[in-house]
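Mapping to UniProt numbering: the sequence shown position 72 is 72, numbers consecutive.
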Amino acid sequence: MGKEITSQIIIGGQNLIAVKNRAWTLMDILTDAGVFLESVCGGKGTCGKCKVRVLSGQVTDGKGNPAEPENDGSYLACRVYPLGQVILADITQRGATAKGEIGRIHISLEDRAPILSKSAVRPTYPTLAQNYSLQEMISNINEGRSKEKLDLHITALRDMALLAQTRIESYTLIHLDNHVTAVEAGDTFSVLYGVAFDIGSTTVAGILMDMTRGEAVAAAAETNPQATYGADVISRIKAAEKPEGLKQLADLIRHCLNDLIHRLCFIRGIRIQDIYLVTIVGNSTMEHLLMGISPTSLTIPPYVQAFKTIAPLPPQELSLDINPGGRVILIPNIASFVGADTTAAILAMDQDLTPKLTLLIDLGTNGEIVLGNRERMIVTSTAAGPAFEGAQLSCGMRATDGAIDDISIQEDVLIRTINAQKPAGICGSGIIKALAEMVRRGLITPSGRFAESSQMLQLPPELRSRIREKEGQREFVLASAEESANGSDIVITQGDVRELQLVKSSICTGSQILMQAFGVNQEDIEQVFIAGAFGSFVDLDSALAIGLIPIQERNKIRSVGNAAGEGAARALLSHKHIQRCQAIAEKAEFVELANHPQFQKSFINNLAFPKGGIT
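Put into structure tokens, the structure is as follows:
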């Protein structure tokens, strides 16, 4: 057979026809067509989350032989290749995980001065007696206001050449300081919108800001389509190293940003031409992939970024659908895997301004920790992994419809799901609450093991009946197959408990090492902010009960929502805040945990759950 074949994929009556290289799996083809499946493992066939049902047609394995289905009759899309026409059952694409509420953006009037602004002018046209270029007509307007003349970008010159033919009385200049990027007909001074983006590994959030009024007017979120290539950043870095991989990942996130821009414009009832400025935050890997710059250096000693800061870009550089005369600003990264999202979170919480010793923990697919105040800040990144987003758990899922997000264990188990849907799995906040409850009830010992049978004799029979052994390990049934949305039992396994122990220990240990580096104890910390997608919804009492946060005083701790997104919005509105971001990125001291002499010992000690759990 030739190298290229034609595959026709039909889902719900919709044809997705693709001519692809034989190396492309069914998942590759679906991703290319805009149908995104869960793939925590990045296509290795180990997570089992990309299952599809083939109604008719044939799929093959990597050797061209008919593929064998899973036990439930489904196939893993990342491991099979379509042959000819294949009809699939409808694929449910769950909504994006919320990234938390955005607080009211507080920026003083004197600080509310975006890096890009507008000014309405009335030009004096050249005549035969006073002959000068249209460029000079505009550039000289600034005389009397500033010693510097206005400099016109090529896009502004093109605008001017067309508009001058009508000899209209007034223009509006869009400019960065004295650099004019575009010229518009009439007085459009009051129309000035911007979008602040927070590119997370799991979720991409966009906030539409009315820059004239200085307030958020719309918000939207989408699942990061790069998740098809793996839940964690290392998987995506590996995917970017494959032929065309970097371009594919860059194209995916740029299309996602454009989708959000169009949706935000629809919500507000404005044109994409009304958006002039975009600020973007994300971890270091996300910013590298967005720019189409290889992030491989992050995985090779000494683990450095290709860039820390980039000058404002025209939107065409990233193929973004905003006003061509607008600009895109990437907030600077700090170091290694501590990216611009951490810079923005520090800005949002004013951690760089407060005299209070503050611990900021951003919990999401990755975990970043900042300790300090206006005098000094130290930062680190932990190997939290995507378990907080429900990944790497046997029945884990993102925090969308049907996810179990709250659990109470008394005489029996009571669960709550998002939007009161039938349970489909358990999300990160749900597993934290479940572990805390199981430790409290004695179902799990402080070491993390399920209690022995003799220890469970005092438990109600309803709880004992939920504990079973399967394939050599114990598990606890939260919802039976009859109760669930997918016809399968929803369980917490011994492996799930171990996975969460690793995650919670890495966060706790990272916080403790920063305290040691700062020369303080937990009693010295005056406030703790829990931010990020997961941090916005986790029950703080449960987090304390399992030892996730190494602070005893509950009154010092509060959830602060999507601090990174709020920081991006603040930077959108204020040139001074962009300068603060630059200063934060330069000031913050990075601590590498992997080589820290105390890490391994502290990590092992912190694996255990505190005795007693919730009190």
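Backbone N, C-alpha and C define an ideal beta-carbon position, used for all residues, glycine too. Only a predicted model underlies this, so the values are computations on that prediction, with no experimental measurement involved.
Residues in its own chain within less than 6 Å of residue i by CB, not counting five upstream and five downstream?
{"i": "Q85", "result": "Q8 and G57"}
{"i": "I361", "result": "I369 and I530"}
{"i": "D401", "result": "I418, N419 and Q421"}
{"i": "I409", "result": "E437 and R441"}
{"i": "I467", "result": "F476"}
Under 7 Å between the Cβ atoms of residue i and residue j?
{"i": "S574", "j": "D90", "result": "no"}
{"i": "S505", "j": "F603", "result": "yes"}
{"i": "F537", "j": "S381", "result": "no"}
{"i": "V191", "j": "G206", "result": "no"}
{"i": "V304", "j": "L318", "result": "no"}
{"i": "I546", "j": "A434", "result": "no"}
{"i": "A23", "j": "V52", "result": "no"}
{"i": "I183", "j": "M160", "result": "One detail in the question is off: residue 183 reads as Val in this sequence, not Ile. Yes, these two residues count as a Cβ contact at 7 Å."}
{"i": "A543", "j": "I549", "result": "yes"}
{"i": "L176", "j": "L277", "result": "no"}
{"i": "L208", "j": "L264", "result": "yes"}
{"i": "I275", "j": "Y193", "result": "yes"}
{"i": "C256", "j": "E222", "result": "yes"}
{"i": "N283", "j": "D341", "result": "yes"}
{"i": "E462", "j": "D412", "result": "yes"}
{"i": "V379", "j": "V338", "result": "yes"}
{"i": "Y75", "j": "P69", "result": "yes"}
Expressed to the nearest angstrom, what Euclidean distance is found between the alpha-carbon atoms of residue i and residue j?
{"i": "L30", "j": "Y171", "result": "47 Å"}
{"i": "M27", "j": "Y229", "result": "10 Å"}
{"i": "G326", "j": "V180", "result": "10 Å"}
{"i": "N373", "j": "T354", "result": "6 Å"}
{"i": "I87", "j": "Q516", "result": "58 Å"}
{"i": "T615", "j": "N595", "result": "With a pLDDT of only 38 at T615, under 50, the local geometry of the prediction cannot be trusted, and no value is derived from it."}
{"i": "Q455", "j": "N606", "result": "24 Å"}
{"i": "L478", "j": "K63", "result": "40 Å"}
{"i": "A220", "j": "Q14", "result": "26 Å"}
{"i": "P315", "j": "K247", "result": "17 Å"}
{"i": "V503", "j": "L173", "result": "51 Å"}
{"i": "P610", "j": "N555", "result": "19 Å"}
{"i": "S108", "j": "P114", "result": "12 Å"}
{"i": "residue 617", "j": "P324", "result": "This structure cannot settle anything about residue 617, because the visible part of the chain is limited to 1 through 615."}
{"i": "V520", "j": "L593", "result": "18 Å"}
{"i": "L393", "j": "F189", "result": "52 Å"}
{"i": "K601", "j": "S453", "result": "31 Å"}
{"i": "G532", "j": "I310", "result": "24 Å"}
{"i": "P225", "j": "T25", "result": "17 Å"}
{"i": "R254", "j": "Q512", "result": "38 Å"}
{"i": "K587", "j": "E375", "result": "9 Å"}
Assuming the contact rule is C-beta atoms closer than 8 Å, residue i and residue j should be a hit. Round their C-beta distance to whole Å, please.
{"i": "L540", "j": "V591", "result": "Between V591 and L540 the Cβ distance is about 25 Å, and since that is not below 8 Å, they are no contact."}
{"i": "G425", "j": "G396", "result": "6 Å"}
{"i": "G200", "j": "G364", "result": "6 Å"}
{"i": "C50", "j": "L37", "result": "4 Å"}
{"i": "L289", "j": "A250", "result": "6 Å"}
{"i": "I490", "j": "I404", "result": "7 Å"}
{"i": "A345", "j": "A563", "result": "4 Å"}
{"i": "Q130", "j": "L152", "result": "With a Cβ gap of about 19 Å, Q130 and L152 do not count as contacting."}
Within a Cβ cutoff of 8 Å, which residues of the same chain sit near residue i, ignoring the five residues on either side of it in sequence?
{"i": "residue 640", "result": "The chain is shown from 1 up to 615; residue 640 falls before or after that span and cannot be answered."}
{"i": "H262", "result": "I272 and D321"}
{"i": "A451", "result": "G442, L443, I444 and T445"}
{"i": "I105", "result": "M209, G214, E215, A216, E566, A569, R570 and L573"}
{"i": "S297", "result": "Y303, V304, Q305 and A306"}
Helix or strand or just coil, what does DSSP make of residue i?
{"i": "E215", "result": "strand"}
{"i": "V560", "result": "strand"}
{"i": "H596", "result": "coil"}
{"i": "F590", "result": "strand"}
{"i": "I407", "result": "strand"}
{"i": "L363", "result": "strand"}
{"i": "N373", "result": "coil"}
{"i": "N333", "result": "coil"}
{"i": "D321", "result": "coil"}
{"i": "T46", "result": "coil"}
{"i": "P301", "result": "coil"}
{"i": "S139", "result": "helix"}
{"i": "P315", "result": "helix"}
{"i": "S284", "result": "helix"}
{"i": "R84", "result": "As written in the sequence, residue 84 is Gly, which differs from the Arg given in the question. Three-state result, G84: strand."}
Whose C-beta lies closer than 7 Å to the C-beta of residue i among residues of the same chain, with five residues either side of it excluded?
{"i": "P123", "result": "M137, I138, I141 and Y171"}
{"i": "K356", "result": "N373, E526 and Q527"}
{"i": "A335", "result": "F590"}
{"i": "R158", "result": "none"}
{"i": "G12", "result": "D90"}
Indicate whether at least one CB of chain E lies closer than 7 Å to the CB of residue i.
{"i": "G245", "result": "In the displayed structure, chain E is absent; only one protein chain is listed."}
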